[in-house]
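What follows is a single structure, written as structure tokens, with notes after it.
There are 2 protein chains.
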Amino acid sequence: MEQNNLVENNRTQMRRGVLEYSILLVLKAGEGYTSSIISRLKAVDIIVVEGTLYPMLIRLKNQGLLTYRWEESPQGPPRKYYTLTEKGAQQLRELDQAWMDLVRSVEAIRTIPEHLLIG
Amino acid sequence: MEQNNLVENNRTQMRRGVLEYSILLVLKAGEGYTSSIISRLKAVDIIVVEGTLYPMLIRLKNQGLLTYRWEESPQGPPRKYYTLTEKGAQQLRELDQAWMDLVRSVEAIRTIPEHLLIG
DNA sequence: TTTACATCCTTGTGTTGCAAGGTACTAAAT
DNA sequence: ATTTAGTACCTTGCAACACAAGGATGTAAA
Numbered sequence: 001m002e003q004n005n006l007v008e009n010n011r012t013q014m015r016r017g018v019l020e021y022s023i024l025l026v027l028k029a030g031e032g033y034t035s036s037i038i039s040r041l042k043a044v045d046i047i048v049v050e051g052t053l054y055p056m057l058i059r060l061k062n063q064g065l066l067t068y069r070w071e072e073s074p075q076g077p078p079r080k081y082y083t084l085t086e087k088g089a090q091q092l093r094e095l096d097q098a099w100m101d102l103v104r105s106v107e108a109i110r111t112i113p114e115h116l117l118i119g
Numbered sequence: 001m002e003q004n005n006l007v008e009n010n011r012t013q014m015r016r017g018v019l020e021y022s023i024l025l026v027l028k029a030g031e032g033y034t035s036s037i038i039s040r041l042k043a044v045d046i047i048v049v050e051g052t053l054y055p056m057l058i059r060l061k062n063q064g065l066l067t068y069r070w071e072e073s074p075q076g077p078p079r080k081y082y083t084l085t086e087k088g089a090q091q092l093r094e095l096d097q098a099w100m101d102l103v104r105s106v107e108a109i110r111t112i113p114e115h116l117l118i119g
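Residue numbers (the numbering used here), protein chains in the order written: chain P, 1 to 119; chain X, 1 to 119.
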């Protein structure tokens, strides 16, 4: 019932496509738990919220791409630290390729020469 | 009930994020109707199907980003040729920015230095 | 014992890409 | 004339999923 901000919508849409990739990337850099993952992503302007991240981490774990271990927190309840599995690392390599292909595709389409257009 | 092909899934996911952007880009290059848009995108390895494109073109038209005109086809029923409106061109400029920002973000996250990681 | 905070998690909603199926028009073949 | 083939339009129903909102539980300080 709400007329959306078209652009903000599309930034969100674009981000969605790379969310899983982004999460695997930060976990490759080093293990993390929910808040730290959110912080790292925010540091590069990729906005994720808890309600998105929890289900996704669980999904990735169920797919065998991640494992976790419990660790005491200096404050509050213990944390679930997630790590890439070998399968996760493999998946990440494939996503790397997918990302590079996508960048190449978009670059290509940004520079279609007129005479190659049909119809 | 079906175990998905993880990678193909993710290529699809990534593509989704840039679909609207891609469509505006090809229409900036020159007006087109459904089939010609699909062909142009396929030429750069971005796969879209009819069932996706029709609703999307209608949505973009309703948002005022596109207009169309009818034109006789050499064979079969007339075609709906879509063109960017001024508002569509404006939106495209903003999507261009969003895309470049995303590429920059992902690039940044691919190269997080260890010592910047927390927790 | 109450407040503050950090951590975990679930539920409900809205969007949307896609598979599948449907209608209609033209032209060629039977 | 009818059927077939090809091209174009469009809709319906399903499944995935990001996010907002809300909830439970643990520690520590006031």
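Positions of the beta carbon are idealized from the N, C-alpha and C atoms, including for glycine.
Presumed contact (8 Å Cβ cut-off) between residue i and residue j, rounded CB distance
i	j	result
Ala-98 of chain P	Asn-10 of chain X	6 Å
Leu-66 of chain P	Leu-53 of chain P	That belief does not hold up - the Cβ atoms of Leu-66 of chain P and Leu-53 of chain P are roughly 12 Å apart, past 8 Å.
Pro-78 of chain P	Glu-71 of chain P	6 Å
Val-26 of chain X	Ile-37 of chain X	6 Å
Gly-88 of chain X	Leu-24 of chain X	6 Å
Residue i - containing beta strand (DSSP E), residue span
i	result
Tyr-68 of chain P	66-71
Residue j beta carbon less than 7 Å from that of residue i
i	j	result
Thr-111 of chain X	Glu-31 of chain X	no
Met-14 of chain P	Leu-60 of chain X	no
Arg-104 of chain P	Gly-17 of chain X	no
Ser-81 of chain P	Arg-69 of chain P	In the sequence as displayed, the identity of residue 81 of chain P is Tyr instead of Ser. For Tyr-81 of chain P and Arg-69 of chain P, yes; Cβs fall inside 7 Å.
Ile-46 of chain X	Ser-22 of chain X	yes
Ala-43 of chain X	Val-44 of chain P	no
Bridge partners - residue i, DSSP secondary structure assignment
i	result
Tyr-81 of chain X	X:Arg-69
Gly-32 of chain X	X:Tyr-82
Residue interval of the alpha helix (DSSP H) (run including residue i)
i	result
Pro-55 of chain X	50-62
Contact test: residue i Cβ vs the ligand PLP heavy atom, cutoff 6 Å
i	result
Leu-57 of chain X	The ligand PLP is not among the ligands present in this structure, which contains no ligands whatsoever.
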